[in-house]
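**Student:** Residue numbers (the working numbering): 40 to 125.
#1: By Cβ distance below 8 Å, which residues in the same chain neighbour residue 96 in space, the five residues on each side in sequence not counted?
#2: Provide the residue span of the alpha helix (DSSP H) that contains residue 102, from first to last.
#3: Quick one: Cα of residue 52 to Cα of residue 42, how far?
#4: In this structure, does DSSP put residue 51 in helix, strand or coil?
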């Protein structure tokens, strides 16, 4: 085969590869964003910490920090509980 034929085959192969790669990327973007069951369980286990209407902001921040620290402190235990529930 001469140089021109080899170049044409190489360019065609490369363009097919790029087209398939673009389709792969588009299909990744089209996937519905669904969350695994674990995240649904976590939402049920950890209710949102909301500020009560009459509560002052500094009191809410203090309460939020305490609750967040408790969750962080027990994170390993909670991960084990989630793995067992699967």
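Where a beta carbon is used, it is the ideal one built from N, C-alpha and C, also for glycine.
**Tutor:** Reading from the atomic positions:
#1: Same-chain partners within the cutoff: 90.
#2: Looking at the DSSP string, the run of the alpha helix (DSSP H) that includes residue 102 is 96 to 112.
#3: Rounded to the nearest whole angstrom, the CA to CA distance from residue 52 to residue 42 is 15 Å.
#4: The DSSP-derived three-state label of residue 51 is helix.
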